[in-house]
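The block underneath contains the structure these notes are about, expressed in structure tokens.
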């Protein structure tokens, strides 16, 4: 799945998160679907964070995990009202969480690479922060 397809289906939310754990819980709820419930996704996001921080700098983190029954990748973009410690060099206020099918090995890495490249652009980060600041909170599904 190309990054543009994933981004077209992304759910967004402005979040008053207190810490990394609450961010991962909120992301898991946004990523949840019939094939992968919020608890499974949350556990997978936490397992990946235990391997090392998914913070990539500039206030961005890309937590990600696999779910065996997912048919296609799912994404969620969260802007945190107050930056939180994600274990990187600086607090994080933009989070792009992703859940991918277990068989997405190469595709998973390609999506991560494309996201990191996208978020390396200062204008993209600034635009996301401004747009998400003006967006109403996502409704619970």
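Residue numbers (this note's numbering): 67 to 207.
Where is the CB? At the ideal position from N, CA and C, for every residue including glycine.
| Check | Outcome |
| --- | --- |
| Euclidean distance between Cα positions of residue 196 and residue 160 | 11 Å |
| Residue 150 (DSSP reduced to helix, strand or coil) | strand |
| Per DSSP, cross-strand counterpart(s) of residue 78 | 143 |
| When 93, 108, 86, 133 are compared against residue 171, the one with the closest alpha-carbon | 133 |
| Nonlocal neighbours in the same chain, by C-beta distance under 6 Å from residue 84, ignoring five residues either side | none |
| Nearest-angstrom Cα separation, counted from residue 183 out to residue 129 | 15 Å |
| The segment 141–158 contacting the segment 77–91, beta-carbon criterion three pairs below 8 Å | yes |
| Buried versus exposed, by CB contacts within 10 Å (16 or more), residue 123 | exposed |
| Per DSSP, the bridge partner or partners of residue 164 | 130, 141 |
| Nearest neighbour of residue 103, chosen from 131, 154, 118, 176 [CA to CA] | 131 |
| Residue 188 classed as buried or exposed, judged by whether at least 16 other C-beta atoms fall within 10 angstroms | exposed |
| Residue 144 vs residue 79 beta-carbon contact at 8 Å | yes |
| Extent of the continuous alpha helix (DSSP H) run through residue 93 | 86–97 |
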